[in-house]
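To keep things clear, I will list the structure first and then write my remarks on it.
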Amino acid sequence: NAGVTQTPKFQVLKTGQSMTLQCAQDMNHEYMSWYRQDPGMGLRLIHYSVGAGITDQGEVPNGYNVSRSTTEDFPLRLLSAAPSQTSVYFCASSYGPLALAKNIQYFGAGTRLSVL
Amino acid sequence: GESVGLHLPTLSVQEGDNSIINCAYSNSASDYFIWYKQESGKGPQFIIDIRSNMDKRQGQRVTVLLNKTVKHLSLQIAATQPGDSAVYFCAEVPSGFNFGNEKLTFGTGTRLTIIP
């Protein structure tokens, strides 16, 4: 069971370039989320999805797009990379809402992104 | 992990000793709390959770204590091992509608180092 898989593990972009961070889970989880983690700050939610075809914005959505065409995949797109988007990005999934029925959120290993 | 930097509180504990990691939460309406462990280069991993109607919960070698009066949470790790070296952070979920886990708020974390 692979869990949550993120690719690539590392990426360097130039300002203005676009790219897609991939996230896939094989646990048949409905809920998926993207977070960014910056030094001295807690994880911050970028976008989330509660099922295929349903997405919504989190705390810091500007500059990012998502889509959820399948239950398994939840890609994060950077439209025009900026140095402020240098961060570590984590994808997470859970069967349902946390605090209900013992749902646990599983995280991928992260993508370390540098924007020059 | 490498994604949290120099401003993290740190705690060093001799192998075999017990450790206590503290977390102050801000929202008095929070009613569900989670502790995560993040090893270097990896994503966060669920350790233990507790609901606001409890003041203590025990797992394998870990105990979480909740003091709602002072909005304080602690994680106790018994008989620490080298593999316990990691960043630990708490997260809270306020009561009420939490459609897609979007209300989950993370703390910045404490770096625990186990001295052999």
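Those protein sequences? They're chains P and Y, same order as listed. Quick note: the first sequence uses the working numbering, first residue 1, plus one each step. Quick note: the second sequence uses the working numbering, first residue 1001, plus one each step. Here a beta-carbon is modelled for each residue, glycine too, at the ideal position from N, C-alpha and C.
Classify residue 1018/Y as buried or exposed, calling it buried when 16 or more other Cβ atoms lie within 10 Å of its own Cβ. exposed
Taking contact to mean 3 or more Cβ pairs, one atom from each stretch, closer than 8 Å, check whether the region 70-83 of chain P and the region 15-26 of chain P are in contact. yes
Could you check how far apart the C-beta atoms of residue 1080/Y and residue 1015/Y are, in whole angstroms? I think they sit under 8 Å. 6 Å
What residues from the region 96-110 of chain P come within 8 Å of chain Y, judged by C-beta to C-beta, listed N to C? 97, 98, 99, 104, 105, 106, 107, 108, 109 and 110
With a CB to CB cut of under 7 Å and the five nearest residues on each side skipped, what residues in its chain are close to residue 1003/Y? Summary for residue 1003/Y: the model assigns pLDDT 31, below 50, so the residue's position carries little reliability, and this model does not support an answer.
Where do the ends of the beta strand (DSSP E) carrying residue 32/P lie? 31-37
Contact belief for residue 10/P with residue 1044/Y at Cβ below 8 Å, rounded distance in angstroms: Not a contact, Cβ separation roughly 19 Å.
Identify the continuous beta strand (DSSP E) that holds residue 1094/Y and give its terminal residues. 1086-1094
Anything in chain P within Cβ reach of residue 1092/Y, meaning under 8 Å, just list it in chain order. Those do not exist, as residue 1092/Y stays about 10 Å from chain P at its closest Cβ, beyond 8 Å.
Can the beta-carbon of residue 21/P be found closer than 7 Å to that of residue 81/P? no
Count the other C-beta atoms from every protein chain shown that fall within 10 angstroms of the C-beta of residue 105/P, then say buried if there are 16 or more, exposed otherwise. buried
Between the Cα of residue 1036/Y and the Cα atoms of 1066/Y, 1107/Y and 1061/Y, which residue gives the shortest distance? 1107/Y
Hey, how far is the Cα of residue 1084/Y from the Cα of residue 1112/Y? 7 Å
Near residue 1068/Y, which residues of its chain fall below 7 Å by C-beta distance, leaving aside the five closest residues on each side in sequence? 1052
In angstroms, rounded to a whole number, what distance separates the CA positions of residue 100/P and residue 1042/Y? 26 Å
Among 5/P, 54/P and 16/P, whose alpha-carbon lies nearest the alpha-carbon of residue 78/P? 16/P
Candidates 97/P, 51/P and 45/P: closest to residue 117/P by CA position: Lying before the first or after the last residue shown, residue 117/P is absent from chain P, which here runs from 1 to 116.
Report yes if the CB atom of residue 1050/Y is closer than 7 Å to the CB atom of residue 1057/Y, and no otherwise. yes
Beta carbon of residue 68/P, beta carbon of residue 49/P: below 7 Å? yes
How is residue 1052/Y classed by DSSP in three states: helix, strand or coil? coil
If we count Cβ pairs, one from each stretch, closer than 8 Å, do we get three or more for the region 1021-1030 of chain Y versus the region 1087-1095 of chain Y? yes
Looking at the strands, I want to know which residues DSSP matches up with residue 4/P. 25/P
Any beta-carbon of chain Y closer than 7 Å to the one on residue 117/P? The structure shown does not extend to residue 117/P, since chain P is modelled only from 1 through 116, so no value can be given for it.
Using a C-beta to C-beta distance shorter than 9 Å, which residues of chain Y count as neighbours of residue 56/P? 1099, 1100 and 1102
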